[in-house]
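The structure under discussion appears below in the form of structure tokens.
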Amino acid sequence: MKRNRTVLVAAAAALVALVAGAAAIPRPPGLSSEVSGDDALIAEVRGRLADMPGVRDRLSVAVIDGDEVRTAIFGATDATEYEIGSVTKTVTGSLFAEAIDRGEVTTNTTLGDLLDLGDSPAASVTLEELATHSSGLPRLPVSFGTVVSSIVAGYRASDPYGSSLAELEAQARGAAVGEKEFLYSNLGFALLGQALASAAGTDYPTLAAERVFEPLDMDDSYVPTAPAELRDGAPTGYTASGRPSDAWTLGADAPAGSARSTLADMVAFATAQRDGTAPGVAATEPRASSGESGEIGLAWLTTDGVTWHNGATGGFTSWIGFDRDSGRAVVVLNDTAANVDDLGFALMGVE
Amino acid sequence: MEYLSGFMALAFSAIFAASTTRRGGSLARSRVELALNGLDTVAVLVIARALMPWSEVPTLLWLVPVALFAAGVFGAVLRWAQLPALRTGRPRRRSIVYGVVHAVVVVLVVAVFLG
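Line by line, the protein sequences give chains X and B. Heads up: the first sequence begins at 7 in the working numbering, then just goes up one per residue. Heads up: the second sequence begins at 905 in the working numbering, then just goes up one per residue.
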């Protein structure tokens, strides 16, 4: 009798565990079925995404040929805000070229001229070295604390950045400077943007707004540096596993990747870069090797004739590129962490 | 790392289920160890649910470790009365300290993911 009762209790407990587990079955988002834009482009994007695994939700694509702009928009409008991640570096590159034109800095200006880096190795790094990822600075500051916080942030799907300018400068003072060869560095671009802001006597978000966004009428683009600076209703995205991700605002690292923009604004940005009318457009001209990927200008990479940059945060990915010979430019904005580089290159005609 | 979390969920749930059987008895020699095995499995399931790229694998695969865990719960209830509270032959204080530290660490790990 007692044995039977125990078996019943065990079965009930197992059933509860099974039901609770089944109720928690993962439900990753899928590519939105609310679609607008050019039918042929929509079909092409759908077809290409079928061969590109990864979680999808909202996706905005624009293909610009001459004056013609075709879009494929899934679950969004052309005014939907996205984090553009490291595409922000192209804004920083434009600001650098613009600052050279204005005589505020030169390519040989050093970080130590503009930031409080004492006599640390990083103080002797030039702005051009930073803009071409050949400063010798590491990709990210390396310390026990930053490694642990990055791992925890990855698990929590939260923003792993958030340093103040003083903390960023302290990280730079403590950074080892290695060989002057191509090594993609978020730390380097954060310092570059802060140095340019210092040279202009303002902060980075204001500098980006006044010198890049406003001249191109990119009214819906901005650079938050803290969650409180996000606009009302600012969307967040999903991690590669489909978990909701926190917004990335990056603190003092903002020049490396915290800008937010829309498809309409990025079409204006890409078109002006392609047409040579963007502020600081000299940034797009290749000036150094970027290893196997080709060449690099001031942030902008050039591969197989396509000048481009990609971006990724915890919950968004992006891609922008253009080819002046063919006259085509492409923008891809995505609200999940699934890579869109292949889609961007494919739409440029580079497989 | 993402896929590893899925394999770990399978491994932990299988070990938990096995620890409730006669053959797998050495995997849990006390009620505390059995409970900790169950707690570990829940933690790894939480991690796998959060980290696995579920858009790239059938989500129904999630039910495999869940079913193993449920089987473990069934077996644990049956085996509970046959086990001593703490492992015999090991200092009582050591077992208690180990159990408490183990549980706290696991709860903290889960809190990081759910927090």
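C-beta atoms are modelled at their ideal positions from N, C-alpha and C, and glycine is treated no differently. Computed from a predicted structure; not experimentally measured.
Beta-carbon separation (whole angstroms), A129 of chain X vs G142 of chain X, contact threshold 8 Å = Working through the first sequence from its first residue, we reach residue 129 of chain X at position 123. Working through the first sequence from its first residue, we reach residue 142 of chain X at position 136. Not quite, the Cβ-Cβ distance comes to about 13 Å (not below 8 Å), so this is no contact.
C-alpha distance - A915 of chain B paired with A23 of chain X, whole-angstrom precision | Sequence index remark: in the second sequence, residue 915 of chain B carries index 11 (1-based). Sequence index remark: in the first sequence, residue 23 of chain X carries index 17 (1-based). For A915 of chain B and A23 of chain X, the distance between alpha carbons rounds to 18 Å.
Other residues of its chain near V951 of chain B: CB distance less than 7 Å, five sequence neighbours each side excluded | As a first step, residue 951 of chain B must be located in the second sequence, where it is residue number 47. Contrary to the premise, residue 951 of chain B reads as Ile rather than Val in this sequence. Around I951 of chain B: S909, F1017.
For T963 of chain B, the nearest candidate out of X:A82, X:T86, X:P34 (CA to CA) | Taking the first residue of the second sequence as position 1, residue 963 of chain B is located at position 59. Checking every option, the nearest Cα to that of T963 of chain B belongs to X:P34.
Can you tell me the Cα-Cα spacing of A284 of chain X and A137 of chain X, whole angstroms?
-> In the first sequence, the residue the question calls residue 284 of chain X occupies position 278. In the first sequence, the residue the question calls residue 137 of chain X occupies position 131. In this model, A284 of chain X and A137 of chain X are separated by some 18 Å (Cα to Cα).
In chain order, what residues of the same chain lie with their CB nearer than 6 Å to the CB of L37 of chain X, ignoring the 5 residues before and after it?
-> Position 31 of the first sequence, counted from the first residue, corresponds to residue 37 of chain X. Within the same chain, L37 of chain X has close Cβ partners R62, F80.
Which listed residue (X:S66, X:A17, X:L256, X:I106) has its alpha carbon closest to that of A205 of chain X = Walking along the first sequence from the start, residue 205 of chain X turns up at place 199. Ranking the options by Cα distance to A205 of chain X, first place goes to X:I106.
Please decide whether T323 of chain X counts as near chain B, where near means a Cβ-Cβ distance under 9 Å.
-> Reading the first sequence from its first residue, position 317 is the one you call residue 323 of chain X. No, no contact with chain B.
Per DSSP, what kind of secondary structure is L964 of chain B in: helix, strand or coil?
-> In the second sequence, the residue the question calls residue 964 of chain B occupies position 60. It is helical.
Which ranges does the alpha helix (DSSP H) cover as unbroken runs of at least 4 residues, wholly within the region 145-183 of chain X, from first to last along the chain?
-> Entirely contained in the region 145-183 of chain X, the alpha helix (DSSP H) runs reaching 4 residues are, in chain order, 150-162, 171-180.
Whole-angstrom distance between V338 of chain X and D348 of chain X, CA atom to CA atom | As a working note, residue 348 of chain X is residue 342 in the first sequence. As a working note, residue 338 of chain X is residue 332 in the first sequence. Roughly 10 Å separates the two Cα atoms.
What does a CB cutoff of less than 6 Å around T113 of chain X pick up in its chain, not counting 5 residues either side in sequence?
-> The count along the first sequence starts at 1 and reaches residue 113 of chain X at position 107. The beta carbon of T113 of chain X sits closer than 6 Å to the beta carbons of E134 from its chain, once the five residues preceding and following it are set aside; these are given in chain order.
Proximity test, Cβ basis, 9 Å: T963 of chain B and chain X = Your numbering for residue 963 of chain B matches position 59 in the second sequence. T963 of chain B has a beta carbon lying within less than 9 Å of a beta carbon in chain X.
What does DSSP give as the partner residues of E301 of chain X in its beta bridges?
-> Counted from its first residue, the first sequence places residue 301 of chain X at position 295. According to DSSP, E301 of chain X bridges with X:S295, X:T308.
Assign L213 of chain X to one of two classes, buried (16 or more other C-beta atoms within 10 Å of its C-beta) or exposed (fewer than that).
-> Here the question's residue 213 of chain X lines up with position 207 in the first sequence. A residue is called buried when at least 16 other Cβ atoms come within 10 angstroms of its Cβ; L213 of chain X meets this threshold and is buried.
Within-9 Å CB hit, V1004 of chain B to chain X | On the second sequence, residue 1004 of chain B is found 100 positions in, with the first residue counted as 1. Chain X places no beta carbon closer than 9 Å to that of V1004 of chain B, leaving this residue out of the contacts.
Return the first residue and the last residue of the beta strand (DSSP E) that V1010 of chain B is part of.
-> By 1-based counting over the second sequence, the position of residue 1010 of chain B is 106. That residue, V1010 of chain B, is in no beta strand (DSSP E); its alpha helix (DSSP H) goes 996-1018.
Cβ of L955 of chain B within 9 Å of Cβ of G27 of chain X?
-> Working through the second sequence from its first residue, we reach residue 955 of chain B at position 51. Working through the first sequence from its first residue, we reach residue 27 of chain X at position 21. Contact flag unset, no.
Specify whether the region 179-186 of chain X and the region 244-251 of chain X touch according to this definition: at least 3 beta carbon pairs, one from each stretch, less than 8 Å apart.
-> Not touching, per the Cβ criterion.
Taking C-beta pairs closer than 8 Å, name the residues in chain B that V13 of chain X reaches, listed in chain order.
-> Locating residue 13 of chain X in the first sequence gives position 7, counting from the first residue. Near V13 of chain X (Cβ distances below 8 Å), the residues of chain B are L982.
In its own chain, which residues sit with a C-beta less than 6 Å from the C-beta of I302 of chain X, not counting the 5 before and 5 after it?
-> Position 296 of the first sequence holds residue 302 of chain X. Once the five neighbours on either side are set aside, the close Cβ partners of I302 of chain X are T138, A294, S296.
Establish whether the CB of P59 of chain X and some CB of chain B are separated by less than 9 Å.
-> Locating residue 59 of chain X in the first sequence gives position 53, where the first residue counts as 1. With respect to chain B, the C-beta atom of P59 of chain X has a partner C-beta closer than 9 Å.
Does the beta-carbon of F973 of chain B have 16 or more other beta-carbons within 10 angstroms, so that it is buried, or is it exposed?
-> To locate residue 973 of chain B, count along the second sequence from 1; it is residue 69. Residue burial is scored here from C-beta neighbours: F973 of chain B has at least 16 other C-beta atoms within 10 angstroms and is therefore classed as buried.
For D347 of chain X, which of helix, strand or coil comes out of DSSP?
-> By one-based count along the first sequence, residue 347 of chain X stands at place 341. If DSSP states are grouped into helix, strand and coil, D347 of chain X belongs with the helices.
T242 of chain X versus X:A260, X:G207, X:E87, X:V346, residue with shortest Cα-Cα distance | Within the first sequence, the letter at position 236 stands for residue 242 of chain X. Residue X:E87 is the option with its Cα nearest to T242 of chain X.
With which residues is T12 of chain X paired in a DSSP beta bridge?
-> As a working mapping, residue 12 of chain X is identified with position 6 in the first sequence. Looking at the DSSP assignment, T12 of chain X forms no beta bridge with any residue, so it has no partner.
If we cut at 9 Å on Cβ distances, does L121 of chain X have a partner in chain B?
-> For the purposes of this step, residue 121 of chain X is taken as residue 115 along the first sequence, with counting starting at 1. For L121 of chain X, not one C-beta of chain B is nearer than 9 Å to its own C-beta.
Exposed or buried, what is G151 of chain X when buried is set at 16 or more other beta-carbons lying within 10 Å of its beta-carbon?
-> For the purposes of this step, residue 151 of chain X is taken as the residue at position 145 of the first sequence. Exposed, because fewer than 16 other Cβ atoms sit within 10 Å of the Cβ of G151 of chain X.
Any residues in the region 159-176 of chain X with a beta carbon nearer than 7 Å to a beta carbon of chain B? Which ones, in chain order?
-> Residues of the region 159-176 of chain X that bring their beta carbon within less than 7 Å of a beta carbon in chain B comprise Y161, R162, in sequence order.
Roughly how far, in whole angstroms, is the beta-carbon of G300 of chain X from the beta-carbon of T308 of chain X, given that I think they are within contact range, below 8 Å?
-> Taking the first sequence and counting its residues from 1, one reaches residue 300 of chain X at position 294. Taking the first sequence and counting its residues from 1, one reaches residue 308 of chain X at position 302. Going by Cβ atoms, the distance from G300 of chain X to T308 of chain X rounds to 5 Å, so yes, they are a contact pair.
First and last residue of the uninterrupted alpha helix (DSSP H) at A260 of chain X = Position 254 of the first sequence, counted from the start, is the residue given in the question as residue 260 of chain X. Counting along the chain, A260 of chain X falls outside any alpha helix (DSSP H), and DSSP gives it neither H nor E.
Give a yes or no on whether the C-beta atoms belonging to A980 of chain B and A16 of chain X are separated by under 9 Å.
-> Within the second sequence, numbered from 1, the residue matching residue 980 of chain B stands at position 76. Within the first sequence, numbered from 1, the residue matching residue 16 of chain X stands at position 10. The answer is yes: Cβ separation under 9 Å.
Nearest chain X C-beta to R935 of chain B closer than 9 Å, yes or no?
-> If you number the second sequence from 1, residue 935 of chain B lands on position 31. With a threshold of 9 Å between beta carbons, R935 of chain B makes no contact with chain X.
Report the three-state DSSP secondary structure of V93 of chain X (helix, strand or coil).
-> In the first sequence, residue 93 of chain X corresponds to position 87, counting from 1. The three-state reading of DSSP puts V93 of chain X in helix, counting H, G and I together.
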